[in-house]
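Asks: The sequence shown begins at 388 in my numbering and counts up by one. Backbone N, C-alpha and C fix where the C-beta goes; we use that ideal spot for every residue, glycine too. Computed from a predicted model, the values in this text were never measured in an experiment. Sending over a structure as structure tokens; questions will come in a sec.
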Amino acid sequence: MSDEMYREVILDYYQNPRNKGTIGNPEISAMDYNPLCGDKITFQINLEADGKVAEAKFDGEGCAISQASASMLTEMVMGKDINDLRKISRTEILESLGNPELGPVRIKCALLSLKVMKVGVYTHLGERIDGSGE
């Protein structure tokens, strides 16, 4: 795809976000923000009994790149096992955005949702491992 087509995809996800909102009582929830540009993301997940993602939502505000990547990430995690969420890489996120030419600040925008999701997953797995989340 051309750079123009990727920009259109990012704008579409920004203007028509998928899975934006909140989950009433999420099993996994984390929030963070990027103080450099003001992006703020909350990422929430509910799991099936077998550990696969049943529902994923994001909420927040910020630039088109941060919001589009969060929206894309909700689609990317659906149906995946919780342990597989830890393996999603920054490369996968940047590829889903079309590998745009981004400076260091914009890279942080693009990867904020991945960071937030992983904090939530690791916290949840840590709680399950030590029993404090049961």
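Should the region 431 to 442 be called in touch with the region 494 to 503, which here means at least 3 C-beta pairs below 8 Å?
Replies: Short answer: they don't touch.
Asks: Taking all protein chains shown into account, decide if Lys444 is buried (16 or more other Cβ within 10 angstroms of its Cβ) or exposed.
Replies: With 16 or more Cβ atoms within 10 Å of its Cβ, Lys444 is classed as buried.
Asks: Based on Cα-Cα distance, which residue from Asp468, Ser453, Ile397 lies nearest to Lys502?
Replies: Per the Cα distances, Ser453.
Asks: Buried or exposed, going by whether 16 or more other CB atoms sit within 10 Å of the CB of Glu521?
Replies: Low per-residue confidence applies at Glu521: pLDDT is 44, beneath 50, and the placement is therefore not dependable, though the value from the model is reported in the following sentence. Exposed, because fewer than 16 other Cβ atoms sit within 10 Å of the Cβ of Glu521.
Asks: Judging by CA-CA distance, which residue of Glu482, Lys467, Ser456, Met463 is the nearest neighbour of Lys427?
Replies: Lys427 has its Cα closest to that of Ser456, out of Glu482, Lys467, Ser456, Met463.
Asks: Look at the Cβ atom of Arg477, then the Cβ atom of Tyr509, and state whether they are nearer than 9 Å.
Replies: No.
Asks: Could you pull the start and end residues of the beta strand (DSSP E) that Met418 belongs to?
Replies: Its beta strand (DSSP E) spans residues 415 to 421.
Asks: Starting from Glu436, trace the alpha helix (DSSP H) in both directions and tell me its first and last residue.
Replies: According to the sequence shown, residue 436 is Ala rather than Glu. Segment: none, Ala436 is in no alpha helix (DSSP H) and carries neither H nor E.
Asks: Using the Cα positions of Asn433 and Gly466, report the straight-line distance between them to the nearest angstrom.
Replies: For Asn433 and Gly466, the distance between alpha carbons rounds to 11 Å.
Asks: Where does Lys467 sit, in a helix, a strand or coil, going by DSSP?
Replies: The answer is coil: DSSP assigns Lys467 none of H, G, I, E or B.
Asks: In or out: Pro533 buried (at least 16 other Cβ within 10 Å) or exposed?
Replies: Coverage of the chain is limited to positions 388 through 521, which leaves residue 533 absent and any answer about it impossible.
Asks: How many angstroms separate the CA atom of Leu498 from the CA atom of Thr429?
Replies: Going from the Cα of Leu498 to the Cα of Thr429 covers about 13 Å.
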